[in-house]
Structure formats: structure tokens, C-alpha cells
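Residues in the first sequence are numbered consecutively from 341, following the numbering used here. Think of the CB as a built atom: it goes at the ideal place given N, C-alpha and C, for glycine as much as any other residue. These numbers were taken from a predicted model, which means no experiment stands behind them. Below you'll find the structure, written out as C-alpha cells, and then a few comments.
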Amino acid sequence: MNKVRTRFAPSPTGYMHIGNLRTALYAYLIAKKDDGDFILRIEDTDQGRLVEGAVDIIYETLKQCSLSHDEGPDVGGDYGPYVQSDRMRSGIYSEYAHKLIDLGKAHYCFCSEEEIEKQRQEQGDSFYFVDPCKLLSKEEIKEKLESGAPYTIRLNVDPEGTTSFDDEVYGRITVENKTLDEMVLLKSDGFPTYNFANVIDDHLMEISDVVRGNEYLSSAPKYNLIYEAFGWDIPRYIHCPPVMKDEHQKLSKRNGDASFQDLVAKGYLPEAILNYIALLGWAPSEDREIYSLQELTKAFDVKRIGTTGAIFDIDKLTWMNGVYLRNMDREKYYELVKPYIEDTVGTGFDHKLIADAIHDRVNILSEIHDMILFLNKEDKYENEVFFNKKAKTDPEIAKAILPEVYATLKDLDEWNNDTIFTALAAKAQDLSYKNITMMYPMQVALSGRSVAPGGATMIAAILGKQETLNRIQNAINRL
RNA sequence: GGUCUGUUGGUGAAACGGUUAACACAUCGCCCUCUCAAGGCGACACUCAUGGGUUCGAAUCCCAUACAGAUCACCA
């Protein structure tokens, strides 16, 4: 059996969106599962749509996701992507297009866009382009060619019969040839069309499994016609269902939907994003959802790719990102979180302590800022915050309790979460209070919030004795 | 409009003719608890788009209808 080779073939027309990335992921997984090769090929045959920097974004994204490709032109000791516009310079696409003409499977077309448009007008909805150039004699063609008339090369299609192929996820697809148009292979600017370059390159690069979005499902038969015209083997097709923004729309950068980079900027981890999107349109056979890339390559199975569009659910991604953060090695977690802590709180605090305090409650890195902002400066707050049903507290009770807290803390020498808690818990017992009745007002005094990370004693430990005492005093004064 | 494809809860989904229709997210309860989280437990589809078949038996097979998406370029 031949080696499995897949490719990711994006066109550099903008940002890398989630659906695109998932297609790349699947292509990668399919190759790697069988120890095959994964290839990156930039399809930039449309000169009009090139977007500056788009290739870099694709390249960077794949790198961040560890979706590395296995071959390509040498770029400073590294594999670069294959780029169709580069490949075109050798004239291969044009060469193959002309070869098809020699084979009698394609023809020159000298029609202008206006002429085609005219036919379209006349025929209306059931438009099917009938190319008058097919009737041209050899001499006429030669004459036009020599006169330098612009031309395209179109595929010959016999309108009789049907063309069918087997897709690994959608099954057997059959269409009638008369619905297939005689597509342009080589454009008048000498560039190949996407469809043509795609087939040529897939064949030349010995791609065994063509993985792409299901928007190509209905044009796949056209590709087969090209393969057949050359007498080439047809690859295995794997069409993936779309990733949707909602019931009706696909996820797309054009609508301002989140791209991979947007998500990373918000504090989502590439590993988590990859894990999550793997599950959009594919389901593992075991009851499990958390998979590293390596585990995915083992578990992945083309047969379990679904056929229906999946709606991208940011809530579930957020949850999964939190799982990754919580399961992470302590040191790695700290390194990740550190810059966010430093950004909002400066260098005046024990960052490790803060990292511990927020460990279980961070789902997205960007949440950290708001979570710990009060450490710098107490939030502005109303005395109403002292009301708490569970703690049975209100401003009056707080007024009575806070001095007690102040007194016990004032005499405390060793200052850490444990000592603070022990001292306060003992005091609470003396006074016949529940712990919470004592802790809640303290939390509010220290943070100005009804909800704060780590618990009152942890916050005190982070703030330090002096600041803790100050804030409690301030609270007493205002009550 | 033609062609192709799809339709299980708010979301991702399992099920490959016979189960109380898994599991996860979200939501809502309860427990734990110094708040919130995290963690634990539980609730949540009178039913698998609808209508017909086939079958002892159907979410699973067949046919129609409805709805949705894709595609019909010298775009990719």
C-alpha cells in the first residue's frame, strides 16, 4: 500500500479561521495516524485576491498548533510551504493543460466574457455554456493563436452519462455529466484555475487522501473528469462538514467571527482550541473528550467524521480551556499566567501566591485582569455589599465584626494563609460565629467585592499585613 | 431554478433493527465550603424534522413532504 499523504491547501486571502484550521487538523491527523506525510501548499493562483501577510499567518498558526508539514522547498534549513505561483514559473500547469489538448480532452476557447455573459442572459436559470470554439477548425485555431488572441483552455465534457465517486464520509455521489460545465483549466492570464492547479499538484505530489470542506462535494466530479482525462488514479476523498457560527451561517472571518488568532489573543490555548475543534464534526469511539494532539492522531478515525454542520460553541471551548489550565503542570501554568498577573498588579506582590489563588477559577487568561484588579486598589463599593444571606451579615454586623478581625490580625506575627485562617477561626469560635460570618465582611473590606478569588485569608496573605490592616480600618471607618 | 448533501435536547454528540435514547458543555437544584470557583451528586429529549410504508420490533431500512446548507465564475 502506498504511503498516506495529505495536504492542507489554503489560499492566502485573509486570516485563518476556525473551520480552515480544523480541515488542516484533520488532514494532519489522517496522515499521521498512518505515519504518512502532511504537506502545506499555498494556492495563490488568483492574483487579485492576494492578501499581504496572509501566508505568514497560515504558517504561524500551523506552527503554534504543532501541525508541522513534512516537506517543501528549503527555506533557511527549514521546510517552507509549496507555493503555486512559484511552481507556475516552471510552466507545469500550462504544460499539462496543453497536454490535455493533445490528448483531445480539452480545447482552446477564445470567447470573451461578454460572449459568455450573453449566453447566460439568453438561457436564464438553466444556463449551460455551449462553447462555440469547440467547432473551430484546426486552421482557424492556428490562425487565432498566431494572431495572439487571448485564450483559455477548457475541459471537454461529454454531456452523456454520469460521473460518480466515493467519499469517505458522504458515501457515493453521482451526478449527471450534463450538469458539469466545461470548466476553464488555464486562464487567459496564463495562470491555472484553482481547480486545475489543485488536481495537477495533488497528482504530482502524490496526495493519497484529499481532505477539504464539503463545499467541494458538488465539484468533486469535475475533478475526476480531469483525473480520468489524464488517466491518473483518483485519490481518496474526505469531505468535512462545515463549522457553523449559527444554524444558518458558516463561521467566517468576513463576518467578524473569531479567528484562531483572536482566540489566542483572548487567552485561549492553542492545544485547547485544537482539541475542541477536533470534536466539531468528529466523535471519538470512547467516552472521552480531552485529547492531546498526539492522542488525537491515535484515536482519529475518518469513519467517525460526521456529515452535519457543527455550531461553534465558545462556552464549551471556554470550559475546555479551563480544564487545560487546571491540568497543567504547575510550573508551566505559572509561566503562562505570570505576565497577565504582572500586567495588572505590577511587581509588588507575590505572583506565585496570586497564581495559586486564581488557579481553579481561570478559564481564559484574559479573565485574570479583572479577577485581581482589586489588589492594586480596592474596588469602589457601597456598604450594601456587606449584606450576605449565607453569611448572615449586613453592614451593622460587619461593623461589629471587623474590629475583632483587626484585633486578632494585628497581633499575628507569622503572616500566611494558614496562620491567618487558624487565628480567625479560633476567634470566630470564641465569639460563637460561623467562620463565614467572620470571613465575609473581611473579604469585602479587603476587596470591595462580594465575589473574590482565594477567600478572605488568602487575599490577606497576598496583600500583606500592613495593607490588610489598612483596608480593614478603612472599612470600619466607613461603616 | 437545476444539481448535490444534510435533519437526534439550547450546543457538541453516541447509537450501526430490540437500551430507561450514552457522554460532554450550558442551564437549574443539592452537597462541600472563608465568597466565587473547582470537585461531588442530581434534574433536564412524554422522543430522534413531519407523514407514510417495510418489520414481531425502527432514531436506525424505503418513499414522499418540509426545512437547512453547498454548488452552478477566466474565485479559491
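- Boundaries of the alpha helix (DSSP H) harbouring Y534: 534-544, taken from the DSSP string.
- Per DSSP, L620 lies in no beta strand (DSSP E) segment and is marked neither H nor E.
- Between K590 and G359, the CB-CB gap stays under 8 Å.
- Around K739, the same chain offers I816, L819 as residues with beta carbons nearer than 8 Å, after the five sequence neighbours per side are excluded.
- H699 carries a coil assignment under DSSP once its states are collapsed to helix, strand and coil.
- DSSP places V470 in the coil class of the three-state scheme, outside both helix and strand.
- DSSP places V745 within a helical segment (H, G or I) once states are collapsed to three.
- Taking 8 Å as the cut-off, the beta carbon of Y577 is found no closer than this to the beta carbon of D641.
- Non-local beta-carbon contacts of L443 in its own chain, meaning distances under 8 Å to residues more than five positions away in sequence, involve A569, F570 in chain order.
- Contact between the stretch 497-517 and the stretch 641-652 is present, with at least three C-beta pairs closer than 8 Å.
- Distances from the alpha-carbon of R811 to those of S425, K720, H447 put K720 closest.
- Of Q461, Q463, Y491, the smallest CA-CA separation from K474 is found for Y491.
- The residues A695, in chain order, have a CB closer than 6 Å to that of V677 in the same chain once the five nearest residues on each side in sequence are set aside.
- Buried is the label assigned to N554, since at least 16 other Cβ atoms lie within 10 Å of its Cβ.
- Shown here, N756 sits in coil according to DSSP, grouped into three states, outside any helix or strand.
- Pairwise C-beta distances place the stretch 452-463 out of contact with the stretch 538-552, as fewer than three of them are shorter than 8 Å.
- Comparing alpha carbon positions, the residue from P413, H447, E500 closest to S477 is H447.
- In this structure, DSSP gives D597 a state outside helix and strand, which the three-state scheme calls coil.
- Closest in alpha carbon position to Y468, among V415, N517, I441, K774, is N517.
- By the beta-carbon neighbour count (other beta carbons within 10 angstroms, threshold 16), R429 is exposed.
- DSSP, reduced to helix, strand and coil, places I812 within a helical segment of the structure shown.
- L485 counts as exposed, since fewer than 16 other beta carbons sit within 10 angstroms of its beta carbon.
- Between the alpha carbons of K750 and A763 lies a distance of about 11 Å.
- R362 has its alpha-carbon roughly 6 Å from the corresponding atom of I617.
- Assigned with DSSP and collapsed to three states, V791 falls in coil, not helix or strand.
- In the structure shown, the three-state DSSP call for K373 is helix.
- Around the C-beta of E500, fewer than 16 other C-beta atoms lie within 10 Å, and the residue is accordingly described as exposed.
- Pairwise C-beta distances place the stretch 765-775 out of contact with the stretch 659-674, as fewer than three of them are shorter than 8 Å.
- For T502, the enclosing beta strand (DSSP E) starts and ends at 502-507.
- For F570, the enclosing alpha helix (DSSP H) covers residues 560-570.
- Take S592, set aside five residues on each side of it, and the residues of its chain with a beta-carbon closer than 7 Å to its own are H357, in chain order.
- The Cβ atoms of K562 and N538 lie no closer than 8 Å to each other.
- With a 10 Å radius around the Cβ and a threshold of 16 neighbouring Cβ atoms, E392 comes out exposed.
- In the same chain as N703, and ignoring 5 residues on each side of it, the C-beta atoms closer than 8 Å to its own belong to T658, W659, N661, G662, L665, in chain order.
- By the neighbour-count criterion, in which 16 or more other beta carbons inside 10 Å mark a residue as buried, P781 falls on the buried side.
- Setting aside the 5 residues that flank it on each side, A697 is surrounded in the same chain by P793, G794, M798, each with a C-beta closer than 6 Å to its C-beta; the list follows chain order.
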